[in-house]
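A.B. asks: To start, I am sharing the structure in question, which I have written as structure tokens.
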Amino acid sequence: MADVKKHDTPMVDDLKSGPWPSFADDIEQKGLNGKQACLDLLGQLELSYKHKETHWKHGGIVGVFGYGGGVIGRYSDSPEQFPAIAHFHTVRVNQPASKFYTSAFLRKLCEIWDHRGSGMTNFHGSTGDMVLLGTTTDQLEPIFFDLTHQMGADLGGSGSNLRTPSCCVGKARCEWACIDTQDICYNLTMTYQDELHRPAFPYKFKFKVSGCPNDCVAAIARSDCAIIGTWRDDIRIDQEAVKAYVGGELKPNAGAHSDRDWGPFDIQKEVIDLCPANCMWMEDGELKIDNRECTRCMHCINVMPEALRPGTDTGATILVGAKAPILEGAQLATLAIPFIKLNKDDDYENLKDFVDKCWDWWMEEGKNRERFGELIQRQSLQEFIRRAELKPIPQMVKEPRSNPYVFWSEDEVPGGWKRDVKEFRARHAA
Amino acid sequence: MDNTNIAELLAKPYDPELAEKLYDPKKPMENRITDIGPPHYEQFFPPIIKKNYGKWKSHEIIQPGVIKYVSETGDVCYAVRCGSARLITTDTIREICEIADKYCEGYVRWTTRNNVEFHVTDEETLKALLDDLKGRKYPGGSYKFPVGGTGAGITNIVHTQGWVHCHTPAIDASGVVKAVMDELFDYFGSHKLPAQVRIALACCLNMCGAVHCSDIAILGIHRKPPLVEDERITGVCEIPLAVAACPLGAIKPATVEINGEKKKTVRVNENRCMFCGNCYTMCPAMPLADGEGDGIAILVGGKISNRLSAPKFSKLVIPYIPNEPPRWPSAVKAVKNILEKYAEGANKYERVGEWAERIGWERFFEVCDIPFTEKSIDDYRLAYDTYRTTTQFKWTVHTD
Numbered sequence: 000m001a002d003v004k005k006h007d008t009p010m011v012d013d014l015k016s017g018p019w020p021s022f023a024d025d026i027e028q029k030g031l032n033g034k035q036a037c038l039d040l041l042g043q044l045e046l047s048y049k050h051k052e053t054h055w056k057h058g059g060i061v062g063v064f065g066y067g068g069g070v071i072g073r074y075s076d077s078p079e080q081f082p083a084i085a086h087f088h089t090v091r092v093n094q095p096a097s098k099f100y101t102s103a104f105l106r107k108l109c110e111i112w113d114h115r116g117s118g119m120t121n122f123h124g125s126t127g128d129m130v131l132l133g134t135t136t137d138q139l140e141p142i143f144f145d146l147t148h149q150m151g152a153d154l155g156g157s158g159s160n161l162r163t164p165s166c167c168v169g170k171a172r173c174e175w176a177c178i179d180t181q182d183i184c185y186n187l188t189m190t191y192q193d194e195l196h197r198p199a200f201p202y203k204f205k206f207k208v209s210g211c212p213n214d215c216v217a218a219i220a221r222s223d224c225a226i227i228g229t230w231r232d233d234i235r236i237d238q239e240a241v242k243a244y245v246g247g248e249l250k251p252n253a254g255a256h257s258d259r260d261w262g263p264f265d266i267q268k269e270v271i272d273l274c275p276a277n278c279m280w281m282e283d284g285e286l287k288i289d290n291r292e293c294t295r296c297m298h299c300i301n302v303m304p305e306a307l308r309p310g311t312d313t314g315a316t317i318l319v320g321a322k323a324p325i326l327e328g329a330q331l332a333t334l335a336i337p338f339i340k341l342n343k344d345d346d347y348e349n350l351k352d353f354v355d356k357c358w359d360w361w362m363e364e365g366k367n368r369e370r371f372g373e374l375i376q377r378q379s380l381q382e383f384i385r386r387a388e389l390k391p392i393p394q395m396v397k398e399p400r401s402n403p404y405v406f407w408s409e410d411e412v413p414g415g416w417k418r419d420v421k422e423f424r425a426r427h428a429a
Numbered sequence: 000m001d002n003t004n005i006a007e008l009l010a011k012p013y014d015p016e017l018a019e020k021l022y023d024p025k026k027p028m029e030n031r032i033t034d035i036g037p038p039h040y041e042q043f044f045p046p047i048i049k050k051n052y053g054k055w056k057s058h059e060i061i062q063p064g065v066i067k068y069v070s071e072t073g074d075v076c077y078a079v080r081c082g083s084a085r086l087i088t089t090d091t092i093r094e095i096c097e098i099a100d101k102y103c104e105g106y107v108r109w110t111t112r113n114n115v116e117f118h119v120t121d122e123e124t125l126k127a128l129l130d131d132l133k134g135r136k137y138p139g140g141s142y143k144f145p146v147g148g149t150g151a152g153i154t155n156i157v158h159t160q161g162w163v164h165c166h167t168p169a170i171d172a173s174g175v176v177k178a179v180m181d182e183l184f185d186y187f188g189s190h191k192l193p194a195q196v197r198i199a200l201a202c203c204l205n206m207c208g209a210v211h212c213s214d215i216a217i218l219g220i221h222r223k224p225p226l227v228e229d230e231r232i233t234g235v236c237e238i239p240l241a242v243a244a245c246p247l248g249a250i251k252p253a254t255v256e257i258n259g260e261k262k263k264t265v266r267v268n269e270n271r272c273m274f275c276g277n278c279y280t281m282c283p284a285m286p287l288a289d290g291e292g293d294g295i296a297i298l299v300g301g302k303i304s305n306r307l308s309a310p311k312f313s314k315l316v317i318p319y320i321p322n323e324p325p326r327w328p329s330a331v332k333a334v335k336n337i338l339e340k341y342a343e344g345a346n347k348y349e350r351v352g353e354w355a356e357r358i359g360w361e362r363f364f365e366v367c368d369i370p371f372t373e374k375s376i377d378d379y380r381l382a383y384d385t386y387r388t389t390t391q392f393k394w395t396v397h398t399d
């Protein structure tokens, strides 16, 4: 055993048993192999289990020269007991789109991190970065130089800047991807490197790109600008495969329900009757869809992937303003653009035009720590529509307003608002 | 610097002294490479993925954790999905590399929910890979790479950092996740639920884990108002920012006398505090954490997918469960109870929230035997939208 000291951690040790992968065991092994920081981390965690309180101090501004994000300062409040984690900063490394890796890349990262940090990581952070947990201030520049010079990697976002964009697996491995999620994600990331590294926004801003309305990266719940693939022509139908599902030769929902007996597949009950738009029916043994009525929820396609596929006139629906509760309450993203063609060939110019208009408004009017969705709430969806130069359409709301308090503007009313009270009183005695 | 082809760069051995040679603190811009962005994704695609990009035709989950993809070209690819603790060391990453080298030509992928995915193209390699993964355990007996996380089951719990590495948490993250997943392990490797159930954990209201749209959300909450360190506050934060941080206007500037000296500070109207913690985020001299006060709230019925019903928020059904490290038995029991009641009562394809809406939330509380308290009634922004304004309701234990 290397020259390391294991703390007495009975509660943390209890988490080594049980079938689910044990972080405690993994970290302890790493510690016993020579990383005191790992053992100190478990020691401090034990102290937290005892006190039921965290033992990490509040923040501290650290970073690399020229960047305003990507590194988060972290200090232990018990450095005498746990000196190896006294300074324990986080480094966010921008992941490759959709998180495919080669072992050569990962090994290089491991070598850097064993040499310059704690050897502990989050694969991945909530926003998508490779998160390196725990290093000292003097190692930050060397880590950055190692990342850029020796593995072609760069830091991700933190603070009031563009956060690292992320996307689903997309066309790499999914037949439902209506847009090239990786390319869009990569293109936006490269276009907005300055915004990603140098905070100039009122608060964080997130892009997330999902290939279809199943939304596997939770764009609609978590991103200020959600780019979600969709289509506007007809769902492609293979009637022979429909018959195979009805006849029981194909498993519904790609086998997702295989460990329970739900009875034989019933296309009427499981697909047609559940369709939220009621736009499907069987006719002479064939499945029919009134595509103009379809809202593209993906259910029928999910249930019968061999038989049904999204159409081929594909693009994206853009929704804006999602966020977690801090501060004005959680928001789901609001529909801004029902359909936009996204072309690699023109560098996604139309999407970026829209983004620029959103940012112009937000950077001009947004308050400190106000998310984009909160600005829309504060100044109204109408103001957003005006500033983004969109057309108000019924798709943007669940239902029309029920109160009559409309902000008419003066130029909408014949004769304007300048009136003479004497003339009014000439017609109406006071 | 071209990050579309880093193969040459990666082929060179790591030089642990290079950075010190290149970086000169007196000339920080010298040799500095900036704004290169992430390496281009395509160079990390396994050959089968690269060849069939945009050509995939359909897929089938041939067993829990193993998805077979078929391409228009006739090619076949199997993805093997494994759980992971997310908080992993470089030793575990190296082991993943070793597996990738042995079975997958050196390629590997992570999912949005922190699962690891290995890709193989023939059944023989698939079988060998599955056998190999099954045998890999940490010394304490836990699986390193449990296979599952597909279909109508439970996949990995998206979570935050908790006491392991965060300054604002009300609960731990990794420990709670481990305890919950140990208990629900069987559902990770099987397809016996009515639909997929997405569990997420956030260790405070900042919700780095974005749990607000999850089938079952485990959320760390504070219940004591912030302390105010009068002696320290002006040194570590701007008073106006601390005042402005409170969404309810409960923080006001104040002046106190310390050792005969007047000092600017703040006072908190404690009865107006909703324990969001935003003040502490803005001001380190206003800590909230408290071993007795903090704990877990359980929210259920959220979803992200647009499938069938629209995406929806999770709703608060259990306002407080105390912190019980290391295994959080009460929280684990509460989560399991909701999951099992859902599994018994929901229709095929129905998510937790869709089930609760179909049977009615009053019935949900009855079926799950969860006491309904005033804490589940909204009193923040837009609360009125959640009040019931119809004579239609169900008779339950609450009306008997």
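Chains A and B supply the protein sequences, listed in that same order.
Using numbering that gives the first Met the number 0, you'd call the opening residue of the first sequence number 0 and step up by one each time.
Using numbering that gives the first Met the number 0, you'd call the opening residue of the second sequence number 0 and step up by one each time.
Idealized CB from N, CA, C, for every residue including glycine.
Please compile the residues from chain A whose C-beta is within a distance smaller than 7 Å of the C-beta of B:C278.
C.D. replies: What B:C278 touches in chain A: nothing, since even the nearest Cβ is about 11 Å away.
A.B. asks: Quick one: is A:Q378 near chain B, going by C-beta distance under 8 Å?
C.D. replies: Not an interface residue.
A.B. asks: Hey, does B:E19 have any beta-carbon neighbour from chain A nearer than 8 Å?
C.D. replies: Answer yes: the Cβ-Cβ gap between B:E19 and chain A drops below 8 Å somewhere.
A.B. asks: Give me, in chain order, the residues of the same chain whose beta-carbon lies closer than 6 Å to that of A:Y191; leave out the 5 immediate sequence neighbours on both sides.
C.D. replies: L161.
A.B. asks: Quick one: grab the DSSP three-state call for B:A78.
C.D. replies: In the structure shown, B:A78 sits in a strand (DSSP, three-state: E or B).
A.B. asks: At a CB-CB cut-off below 7 Å, which residues of chain A make contact with B:L8?
C.D. replies: Q149, M150 and G151, listed in chain order.
A.B. asks: To the nearest angstrom, report how far apart A:W19 and B:E291 are at their CA atoms.
C.D. replies: Using only the alpha carbons, I get a separation of about 28 Å.
A.B. asks: Tell me the residue span of the beta strand (DSSP E) that contains B:W55.
C.D. replies: W55 to Q62 is the extent of the beta strand (DSSP E) around B:W55.
A.B. asks: Exposed or buried, which one is B:K143 when buried takes at least 16 other CB atoms within 10 Å?
C.D. replies: Buried: at least 16 other Cβ atoms inside 10 Å.
A.B. asks: Which residues bound the alpha helix (DSSP H) around A:K242?
C.D. replies: Q238 to V245 is the extent of the alpha helix (DSSP H) around A:K242.
A.B. asks: Taking the runs of the beta strand (DSSP E) that are 3 residues or longer, which of them lie wholly in the stretch 214 to 302 of chain A?
C.D. replies: If we require 3 residues or more, the beta strand (DSSP E) runs fully inside the stretch 214 to 302 of chain A come out as 224 to 230, 279 to 282 and 285 to 288.
A.B. asks: What residue range does the beta strand (DSSP E) around A:A335 cover?
C.D. replies: Segment T333 to I339, the beta strand (DSSP E) holding A:A335.
A.B. asks: So for A:K98, helix, strand or coil by DSSP?
C.D. replies: The answer is helix: DSSP assigns A:K98 an H, G or I state.
A.B. asks: State the start and end residues of the unbroken beta strand (DSSP E) segment that holds B:P321.
C.D. replies: Start and end: K314 to P321.
A.B. asks: Quick check on DSSP: helix, strand or coil for A:T135?
C.D. replies: A:T135 falls in the coil class under three-state DSSP.
A.B. asks: When we look at the beta-carbon of A:T316 and count the other beta-carbons within 10 Å, is it buried (16 or more) or exposed?
C.D. replies: Result: buried.
A.B. asks: Label B:E353 either buried or exposed according to how many other C-beta atoms from any shown protein chain fall within 10 Å of its C-beta, with 16 as the threshold for buried.
C.D. replies: Classification of B:E353: buried, given that the 10 Å Cβ count is 16 or more.
A.B. asks: Residues of chain B with CB closer than 9 Å to the CB of A:M395, please, in chain order.
C.D. replies: Per Cβ cutoff of 9 Å: no residues; A:M395 is ~14 Å from chain B at best.
A.B. asks: Closest to B:G140 by C-alpha separation, out of A:Q28, A:S209 and A:T313, would be which residue?
C.D. replies: Cα-wise, what sits closest to B:G140 is A:Q28.
A.B. asks: Give the C-beta separation of A:A306 and A:A240 to the nearest angstrom, bearing in mind that I take them to be a contact with Cβ-Cβ under 8 Å.
C.D. replies: Going by Cβ atoms, the distance from A:A306 to A:A240 rounds to 4 Å, so yes, they are a contact pair.
A.B. asks: Let me make sure I understand the geometry here. Which of A:C167, A:T188 and A:S159 has the alpha-carbon closest to that of A:S209?
C.D. replies: Residue A:C167 is the option with its Cα nearest to A:S209.
A.B. asks: Residue ranges of each beta strand (DSSP E) run of no fewer than 3 residues wholly in the stretch 231 to 304 of chain B, ordered along the chain?
C.D. replies: Segments of the beta strand (DSSP E) lying fully in the stretch 231 to 304 of chain B: 250 to 257, 260 to 267 and 294 to 299.
A.B. asks: Starting from B:M28 and walking both ways along the alpha helix (DSSP H), at which residues does that stretch end?
C.D. replies: Looking at the DSSP string, B:M28 is not in any alpha helix (DSSP H), and its letter there is neither H nor E.
A.B. asks: Where are the alpha helix (DSSP H) runs, 4 residues long or more, that stay fully inside the stretch 346 to 376 of chain A, in chain order?
C.D. replies: You should have 348 to 364.
A.B. asks: Where B:A333 and A:E285 are concerned, what is the direct C-alpha to C-alpha distance, given to the nearest angstrom?
C.D. replies: So the two alpha carbons sit approximately 46 Å from each other.
A.B. asks: For A:H54, tell me which candidate among A:T147, A:L44 and A:A103 has the shortest Cα-Cα distance.
C.D. replies: Checking every option, the nearest Cα to that of A:H54 belongs to A:L44.
A.B. asks: Kindly identify the DSSP beta-bridge partner or partners of A:S209.
C.D. replies: BP columns for A:S209 point to A:I227.
A.B. asks: So is B:D384 in contact with chain A if we call contact Cβ pairs under 8 Å?
C.D. replies: Chain A contact via Cβ: absent.
A.B. asks: Out of A:K242, A:D182 and A:P304, which one is the CA nearest neighbour of A:R235?
C.D. replies: For the residues A:K242, A:D182 and A:P304, the minimum Cα distance to A:R235 belongs to A:P304.
A.B. asks: Helix, strand or coil for A:F144? Go by DSSP, reduced to three states.
C.D. replies: Looking at A:F144 - three-state DSSP - the assignment turns out to be helix.
A.B. asks: Can you list, in chain order, the residues of its chain with a C-beta nearer than 7 Å to that of A:Y244? Leave out the 5 residues immediately preceding and following it.
C.D. replies: Once the five neighbours on either side are set aside, the close Cβ partners of A:Y244 are P251, F264, I266, M303 and A306.
A.B. asks: State whether the stretch 51 to 59 of chain B contacts the stretch 19 to 37 of chain B, with contact taken as three or more CB pairs (one from each stretch) at a distance under 8 Å.
C.D. replies: No, the stretch 51 to 59 of chain B is not in contact with the stretch 19 to 37 of chain B.
A.B. asks: For A:E181, which residues in chain B fall below 7 Å Cβ to Cβ?
C.D. replies: For the record, residue 181 of chain A in the displayed sequence is Gln; it is not Glu. The contacting residues are Y40.
A.B. asks: Along chain A, in chain order, which residues have C-beta atoms closer than 7 Å to that of B:L204?
C.D. replies: Correct list: P324 and I325.
A.B. asks: What are the residues that DSSP puts in a beta bridge with A:H86?
C.D. replies: Per DSSP, A:Y74.
A.B. asks: Could you tell me whether any Cβ in chain A is nearer than 8 Å to the Cβ of B:K143?
C.D. replies: It does; some Cβ of chain A falls within 8 Å.
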